[in-house]
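Visitor:
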Ligand SMILES: Nc1ncnc2c1ncn2[C@@H]1O[C@H](COP(=O)(O)OP(=O)(O)OP(=O)(O)O)[C@@H](O)[C@H]1O
Ligand SMILES: [Mg+2]
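Numbering (this note's numbering), first residue to last: 10 to 331.
1) Just how far apart, CA to CA, sit residue 277 and residue 160?
2) Which value, in whole angstroms, describes the spacing of the CA atoms of residue 234 and residue 75?
3) For residue 298, which residues from the same chain have a beta carbon less than 8 Å from its beta carbon, with the 5 sequence-adjacent residues on both sides left out?
4) Can you tell which of 220, 116, 69 has the C-alpha that lies nearest to the C-alpha of residue 205?
5) For residue 24, which residues in the same chain have their Cβ closer than 7 Å to its Cβ, ignoring the five residues on either side in sequence?
6) Determine the direct distance from the alpha carbon of residue 81 to that of residue 147, and round the result to whole angstroms.
7) Residue 318 to residue 143, Cα distance in whole Å?
8) Looking at the strands, I want to know which residues DSSP matches up with residue 85.
9) Please report the residue range of the alpha helix (DSSP H) in which residue 49 lies.
10) Nearest CA to the CA of residue 286: which residue from 270, 209, 155?
11) DSSP three-state call for residue 26: helix, strand or coil?
12) So what does DSSP say about residue 304, is it helix, strand or coil?
13) Exposed or buried, which one is residue 41 when buried takes at least 16 other CB atoms within 10 Å?
14) Can you name, in chain order, every residue of its own chain whose Cβ lies under 7 Å from the Cβ of residue 291, other than the five neighbours on each side?
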């Protein structure tokens, strides 16, 4: 695979997020106006190739490619552009040979180039609203929009026989009511999904039980549903209110018995037949991938010192104008 000098390809603008394995940066492609997000994962730690990181990169690319090749993926899945190996990190000069352990084959970064999603992840959004002293982050109709579109996104992934395995608020991005999933580093094809994965507070009991057993057999579609239920609980806890149907659904999604949890498509069916709020979110709102945000708002999103007067603008950018 070709090894590229990142300083020749991108101008690094800002750090968007940092997780267990890597960093996600907002970048501008040099010699063009295109803005992208790149996930950078270090290939080496103390000179030792990181097997886990490699596996996670492979999983992420495999899942993103498969999902991106499916019709309507732009509504639910972050767009994937390319994957390559970079010989240097953000604003780092390429290292001359010999200064690093390993050879040019093992040093550097795995680079996953994606669409830059102008919005916020659900966790950031709630924190921002809390910091403003607001008593809730979502009103009822906003909650319904998010619940419906998040379940649709998971249904979309599951229909491709893939499990995400790390569903949680920081891995869900929103803008104008459009919900897009990121972070497929733990994803797997249903029949190949074995062992524990994910974030402890979003793990069902059957998954916790597998701790330490890499070959443990789990129905990971239902593991995702548990994490989805926990994510919906987080939304409801930060909402003005909820509906009986949504409350019942998230109760069932987090049932200790995986077999008693509904699938994502069953959950959608229940909501479309029984819940007026969810039904209006399904039919009344068609997320459009072409809606753009005014730049002065997006510049501010994610900034630490959000201007109070921007609250409504942020709301509008996340949920569309109301
Ligand atoms: N394409 C994107 N556009 C804008 N922001 C993004 C994008 N992808 C990720 N982010 C932001 O960066 C954060 C981290 O991204 P991601 O979850 O993919 O990496 P991670 O948690 O570091 O990954 P891992 O769990 O594999 O170590 C997200 O929570 C989100 O806020
Ligand atoms: Mg993440």
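Glycine included, every Cβ here is placed at the ideal spot set by N, Cα and C.
Guide: Judging by the given coordinates:
1) Counting from one through the chain shown, the residue named residue 277 turns up at place 268. Counting from one through the chain shown, the residue named residue 160 turns up at place 151. The C-alpha of residue 277 lies about 7 Å from the C-alpha of residue 160.
2) In the chain shown, residue 234 corresponds to position 225, counting from 1. In the chain shown, residue 75 corresponds to position 66, counting from 1. Spanning the two alpha carbons is a distance of roughly 21 Å.
3) As a position in the chain shown, residue 298 is number 289, starting the count at 1. Caution applies to residue 298, whose pLDDT of 30 falls short of 50 and renders its modelled position unreliable; the model cannot decide the point.
4) Working through the chain shown from its first residue, we reach residue 205 at position 196. Taking only the C-alpha atoms, the option nearest residue 205 is 220.
5) Residue numbering aside, residue 24 sits at position 15 when the chain shown is read from its first letter. The residues are 32, 34.
6) Sequence index remark: in the chain shown, residue 147 carries index 138 (1-based). Sequence index remark: in the chain shown, residue 81 carries index 72 (1-based). Their Cα atoms are separated by approximately 26 Å.
7) Here residue 318 refers to the residue found at position 309 of the chain shown. Here residue 143 refers to the residue found at position 134 of the chain shown. Because the pLDDT at residue 318 is just 40, under 50, the model does not fix this residue reliably, and the point stays unresolved.
8) Locating residue 85 in the chain shown gives position 76, where the first residue counts as 1. By DSSP's assignment, residue 85 forms no beta bridge with any residue.
9) Here residue 49 is taken as the residue at index 40 of the chain shown, counted from 1. No alpha helix (DSSP H) holds residue 49; the beta strand (DSSP E) holding it covers 44-51.
10) As a first step, residue 286 is located in the chain shown; it is residue number 277 there, counting from the start. With distances taken between Cα atoms, residue 286 lies closest to 155.
11) In the chain shown, counting from the first residue as 1, residue 26 sits at position 17. Annotated three-state conformation of residue 26 is strand, per DSSP.
12) Residue mapping note: residue 304 aligns to position 295 of the chain shown, counting from 1. Bear in mind that the predicted position of residue 304 carries a pLDDT of just 33, short of 50, making it unreliable; the figure below should be weighed with that in mind. Helix, per DSSP.
13) Position 32 of the chain shown holds residue 41. Exposed: under 16 other Cβ atoms inside 10 Å.
14) Counted from its first residue, the chain shown places residue 291 at position 282. The residues are 157, 281.
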